[in-house]
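Working notes for the structure below.
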Amino acid sequence: MTAVLEVSNLRKAFGGVVAVDGVSFDVNAGEILGIIGPNGSGKSTMFNCVLGQLQPSAGEVRIDGQVTTGARPCDLNRLGVSRTFQLLQVFPQLSVRDNLILAGQEHQGSMASRLFGRADAGLGEAATRMIEFFRLSHLAEEQAGSLSYGQQKLLDAAMAFMAGPRLVLLDEPAGGVNLTMLGHLRERLQAYHAEHKATFVVIEHQMEFVMALCTRVLVLAEGRIIAEGAPHDIRRNPIVIEAYLGH
Amino acid sequence: MTRLGTLAVIIAVAVAIAAPFFLKPYGIFLISTWAVLTIAAIGLNLTLGYAGQISLAQGAFVGIGAYTVALLTPLGVPFFVAFFAAGLLCFAVGWGLGYPALRVQHHYLAFVTLAFTTLVFLVLRNEEWLTNGIYGITGTARPTISGWKTSGARDFYFLCLGVLALLSLATWWMLRSPWGRAFVALRENSIRALSLGLDTRRYTLMAFAIGSSLGGLSGALYAPLVQFIEPNSFALGLSFNLLLMVIVGGSGNFFGPFVGALVAVLLPEWLRITQGYYLIIYAAAIMVMMAFCPSGLLGLVERAIRALNGRRADATTSVRAEGAGT
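Going line by line, the protein sequences match chains C and G. Using my numbering, the first residue of the first sequence is number 1, and each one after it goes up by one. Using my numbering, the first residue of the second sequence is number 1, and each one after it goes up by one.
Now the structure itself:
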């Protein structure tokens with residue numbers, strides 16, 4: 001199988017604190033990889049190193065075989081890599097529709113052509129489809145900041161898909177979302193994955209969500225991978241139970 | 001824009017066109033000053049209000065624009081060539097000033113731009129061979145355009161109003177394009193914007209450059225308007241005044257600078273009847289306004305309209321409920 005993302009010996013230290021300590025893994029095309037681990041195990045730091053938000057202290061990241069270590073997030077996004085953040089990251093003063101258009105507009109033409117082109121950058125219909133796909137039609141013209149937390153989480157995820165990415169890294173998409181909305185979010189992610197054959201990497205604490213969504217799971221503790229395998233194996237792995245699940 | 005908003009703009013344009021026919025020369029000078037400073041405030045509103053990059057340097061760009069025209073036109077350079085040169089020069093300098101914004105934000109950036117304003121002031125004051133230092137430059141000619149002499153107060157006002165209209169339309173166009181959305185994204189969450197493919201570096205530099213360029217174009221009209229420029233006119237006071245215009249009108253609101261500039265130019269004049277107290281009253285009014293309406297006067301208007309609409313909706317609901325109950 002082709003590896004879309006290859007991470008080799010990735011290390012990130014903040015002074016004397018080593019947040020990510022020689023992590024290596026591959027993500028294959030079409031896979032949904034879950035990454036779990038206790039708080040402070042280095043999951044988000046590892047994401048930020050892979051996606052250019054942080055410069056790794058050592059190691060290498062390849063996307064589609066191309067070395068992207070240290071590349072800027074905007075350049076990675078144009079390569080078809082998208083992400084969500086642990087905390088909500090919508091643009092509260094823009095409408096739901098404008099949030100989605102914004103999420104795709106930089107993939108349309110050059111900067112100069114966007115100045116003289118259409119106000120919606122030709123993405124009006126695509127935004128409507130995405131709004132319908134995530135069942136936010138009744139909120140399309142509302143300011144994103146006025147939506148409930150769960151609705152903003154859906155919008156946040158929808159924005160990550162707007163440019164049609166091949167690789168999506170989702171950082172705790174279920175965090176703070178109620179059970180009804182959680183089921184809805186999982187169903188939408190699965191539907192998108194089935195329809196577009198995109199590759200997902202998902203950091204999540206909500207174990208049921210991970211078990212239902214992911215095809216393979218990595219477990220991080222103290223910056224290192226301590227286990228890897230199918231979700232049902234991970235659930236029974238004694239090292240994982242000791243380090244993370246605690247029961 | 002809502003129908004009410006469109007109507008308000010049409011009325012404002014009609015008043016702006018009719019006003020000089022009812023005003024004495026000093027009144028026309030004041031509304032010309034309003035038109036000229038509104039251009040600079042629109043530029044600052046773009047940099048600060050939309051893109052969220054604080055700048056205390058807009059007054060310096062007005063100065064650079066004013067001196068560019070005041071120095072070039074006596075050499076025989078046509079006014080509009082000097083006018084565009086002022087805009088281009090400020091675009092380039094503004095682009096350069098944008099680089100610190102890539103590293104520092106908020107009050108740190110404010111201090112960087114404040115230092116730039118001081119630097120420009122010192123150059124204008126000390127480089128006498130170029131700027132004539134504290135003696136300033138007098139008599140910048142008002143242009144003649146295809147036989148239309150703008151030396152008269154009313155004619156020059158219409159020139160300023162025309163330039164303001166054109167630059168406003170250009171800014172409106174830009175802000176309704178994907179660039180406008182990108183500037184707002186830069187202000188609201190630059191990290192998320194970067195992850196969505198926005199080259200935040202280029203948009204930040206562009207926000208500074210275009211905002212500064214509008215400051216320069218404002219200065220290019222300011223020199224022939226006042227006919228005497230000297231370094232103190234472009235010291236920190238003007239930058240603070242332009243900031244005040246943006247904040248009082250409504251930062252990030254397209255029409256905010258128009259209203260803010262009107263308040264900042266006309267209110268001190270209206271308060272002159274209080275003689276020695278006018279600055280105290282002016283300062284107190286600004287403090288009260290900021291305390292109770294941080295989103296500016298247009299923010300206040302929007303809140304009032306929302307409240308009114310809400311009350312109407314409540315009234316309609318209660319009438320329906322009463323109807324249903326009978």
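Note that the Cβ used here is the ideal one computed from N, Cα and C, for glycine as well.
Query	Result
Spell out a yes or no on whether the segment 258-278 of chain G and the segment 227-235 of chain G are touching, meaning 3 or more CB-CB pairs, one atom from each, closer than 8 angstroms.	no
Using a Cβ cut-off of 9 angstroms, which residues of the segment 193-216 of chain G contact any Cβ in chain C, in chain order?	Ala193, Leu194, Ser195, Leu196, Gly197, Leu198, Asp199, Thr200, Arg201, Arg202, Tyr203, Met206
For Ile263 of chain G, which of G:Gly296, G:Asn253, G:Gly87 has the nearest alpha-carbon?	First, the amino acid is wrong: residue 263 of chain G is Val here, not Ile. Checked all of G:Gly296, G:Asn253, G:Gly87; the closest Cα to Val263 of chain G is G:Gly296.
Who are Ser82 of chain C's beta bridge partners in DSSP?	C:Val168
Apply the 10 Å Cβ neighbour rule to Trp148 of chain G and answer buried if 16 or more other Cβ atoms are within range, or exposed otherwise.	exposed
Less than 6 angstroms between C-beta atoms, sequence neighbours within five positions excluded: which residues of the same chain meet that for His247 of chain C?	With a pLDDT of only 48 at His247 of chain C, under the threshold of 50, the placement of this residue in the model should not be trusted; the figure read from the coordinates follows. Hits under 6 angstroms: none found.
Give the range of the beta strand (DSSP E) segment to which Leu28 of chain C is assigned.	Position check: residue 28 of chain C holds Asn in this sequence, whereas Leu was assumed. Where Asn28 of chain C is concerned, the enclosing beta strand (DSSP E) stretches over 17-28.
Among residues of its own chain, excluding the 5 on either side of Gly52 of chain G, which ones have a beta-carbon nearer than 7 angstroms to its beta-carbon?	Leu186, Arg187
Can you give the Cα-Cα distance for Ala157 of chain C and Thr84 of chain C, rounded to whole angstroms?	6 angstroms
To the nearest angstrom, report how far apart Phe84 of chain G and Ala127 of chain C are at their CA atoms.	39 angstroms
Look up Leu220 of chain C in the DSSP assignment and say whether it is helix, strand or coil.	strand
What is the rounded straight-line gap between the Cα of Gly5 of chain G and the Cα of Ser95 of chain C?	19 angstroms
Judging by CA-CA distance, which residue of C:Leu136, C:Asp233, C:Leu169 is the nearest neighbour of Gly52 of chain C?	C:Leu169
So, helix, strand or coil for Lys149 of chain G, using DSSP?	strand
Taking the alpha helix (DSSP H) that Asn48 of chain C belongs to, which residues open and close that run?	43-50
Does DSSP put Gln151 of chain C in a helix, in a strand, or in coil?	helix
Would you say Arg176 of chain G reaches chain C, if we count a Cβ-Cβ gap shorter than 7 angstroms as a contact?	yes
In the DSSP output, what is Leu146 of chain C paired with across the bridge?	Here residue 146 of chain C is Ser; the residue named in the question, Leu, does not match the sequence. None; Ser146 of chain C has no bridge partner.
At a Cβ threshold of 7 angstroms, is Ala119 of chain C touching chain G?	yes
For the putative contact between Leu298 of chain G and Gly237 of chain G, defined by C-beta atoms under 8 angstroms, what is the C-beta separation to the nearest angstrom?	Between Gly237 of chain G and Leu298 of chain G the Cβ distance is about 24 angstroms, and since that is not below 8 angstroms, they are no contact.
Can you list, in chain order, the residues of its chain with a C-beta nearer than 8 angstroms to that of Tyr278 of chain G? Leave out the 5 residues immediately preceding and following it.	Pro268, Leu271, Arg272
Identify, in the order they occur along the chain, each residue of the same chain with its Cβ nearer than 7 angstroms to the Cβ of Ser8 of chain C, setting aside the five sequence neighbours on each side.	Ser24, Gly59, Glu60
Ordered along the chain, which non-local residues of its own chain (more than five positions away) have a Cβ less than 7 angstroms from that of Ala3 of chain C?	Asp26, Val27, Asn28
Taking the alpha carbon of Val62 of chain G as the reference point, which residue from G:Phe240, G:Asp199, G:Ile54 has its own alpha carbon closest?	G:Phe240
Cys74 of chain C versus chain G: which residues are under 9 angstroms apart at the beta carbon?	Ala193, Leu194, Ser195, Leu196, Gly197, Leu198, Asp199, Thr200, Arg201
What are the partner residues of Lys12 of chain C, as DSSP defines its beta bridges?	C:Val20
At least one CB of chain G closer than 7 angstroms to the CB of Ala144 of chain C: is that the case?	no
Reducing DSSP to helix, strand and coil, say where Thr215 of chain C ends up.	coil
Are Leu214 of chain G and Gly94 of chain G touching if we call contact CB-CB under 7 angstroms?	no
What did DSSP end up calling Arg236 of chain C once you bin it into helix, strand or coil?	helix
Closer than 6 angstroms by C-beta to Phe258 of chain G: which residues in its own chain qualify, once you throw out the five before and the five after it? Chain order, please.	Thr38
Of all the options G:Phe234, G:Ala284, G:Met290, which has the alpha carbon lying nearest to the alpha carbon of Val346 of chain G?	Outside the displayed range of chain G (1 to 326) lies residue 346 of chain G, so it cannot be described from this structure.
Using the three-state DSSP reduction, which class does Phe83 of chain G fall into: helix, strand or coil?	helix
Once the 5 residues before and after Thr326 of chain G are set aside, which same chain residues still bring their CB inside 7 angstroms of it?	At Thr326 of chain G, the pLDDT of 43 sits below 50, so the modelled position is not reliable and the matter cannot be decided from this model.
Can you list the residues of chain G that Phe85 of chain C reaches, using a CB-CB cut of under 9 angstroms?	Ile191, Arg192, Ser195
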